[in-house]
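Enquirer: Every number in the numbering used here is 9 more than the matching position in the sequence shown, counting from 1.
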Amino acid sequence: MTRTLPRTTTSRYVTRDPEILQGEPIIVGTRVAVRDLVEAWKAGTLPEQIYRKISFVTTAQVFDALSFYLDNQTEIDEYRDFYR
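(1) Count the other CB atoms within 10 Å of the CB of Glu33; is the residue buried (16 or more) or exposed (fewer)?
(2) Which same chain residues, not among the five before or five after Ala74, have their C-beta less than 7 Å away from its C-beta?
(3) Hey, quick one: how far does the alpha helix (DSSP H) through Arg61 stretch, first residue to last?
(4) Looking only at its chain, what residues have a beta carbon closer than 6 Å to the beta carbon of Pro15, apart from the 5 residues adjacent to it on each side?
(5) State the Cα-Cα distance for the pair Thr17 and Arg25, rounded to the nearest angstrom.
(6) Assign Arg16 to one of three DSSP states: helix, strand, or coil.
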């Protein structure tokens, strides 16, 4: 997938690193993609429980990632479709 990455990310716990997952939005300090948290949420897992299923993330990171998703649905859904 070829993408032009935005210059900034305005989320506390979400970042992009061209060296990790080719710049896909991830949780700061991890290799956990925002799309992974969104997939768990869309599958019916409550945000408060996602951190139990996906190691290395906190509840605050989960909520921030879901907020980031809601503000950037088109982009994250493209990643979700690409990796299905």
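Where a beta carbon is used, it is the ideal one built from N, C-alpha and C, also for glycine.
If you're wondering where the values come from, they're calculated on a predicted model, not measured in any experiment.
Expert: In short, the structure shows the following:
(1) In the assembly as shown, Glu33 is a buried residue. Its beta-carbon has 16 or more other beta-carbons within 10 Å.
(2) Spatial neighbours of Ala74 in its own chain (CB-CB distance under 7 Å, excluding positions within 5 residues in sequence) are listed in chain order as Tyr22, Val23, Ile36, Val43, Leu46.
(3) First-last of the alpha helix (DSSP H) with Arg61: 56-62.
(4) Its pLDDT being 49, under 50, Pro15 is placed unreliably in this model, and the value from its coordinates should be taken loosely. Same-chain partners within the cutoff: there are none.
(5) In this prediction, Thr17 scores a pLDDT of 47, lower than 50, which makes its location untrustworthy; no coordinate-derived value is stated.
(6) Any reading at Arg16 must be qualified, since the residue scores a pLDDT of 41, below 50, and its modelled position is unreliable; no value is offered.
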